[in-house]
């Protein structure tokens with residue numbers, strides 16, 4: 116399996132793409148003006164579960180989920 120990581124930085128934004136065997140598998144975008152949530156612990160309530168996407172929407176008290 117061939118794995119590649121592409122990193123792009125511009126004013127105010129960083130983008131990372133992970134590609135495996137010519138298929139995009141992950142994308143990360145971070146804007147400098149956004150508050151970082153990675154590494155923090157939050158208490159929230161599950162609002163909706165999407166089994167087909169293996170995802171859940173969790174209300175942690177922000178205006179936008």
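Residue numbers (this note's numbering): 116 to 180.
All residues carry an ideal CB built from backbone N, CA and C; glycine is no exception.
Because the structure is a prediction, the values reported are computed rather than measured.
Query                                                                           : Result
Span separating the alpha-carbon of residue 181 from that of residue 125        : Past the boundaries of the shown model lies residue 181; the chain is included only from 116 to 180, so the question cannot be answered.
First and last residue of the uninterrupted beta strand (DSSP E) at residue 117 : Looking at the DSSP string, residue 117 is not in any beta strand (DSSP E), and its letter there is neither H nor E.
Opposing strand residues paired with residue 160 [DSSP bridges]                 : 174
Pairwise C-alpha distance: residue 139 and residue 119                          : 9 Å
Straight-line Cα distance separating residue 162 from residue 133               : 30 Å
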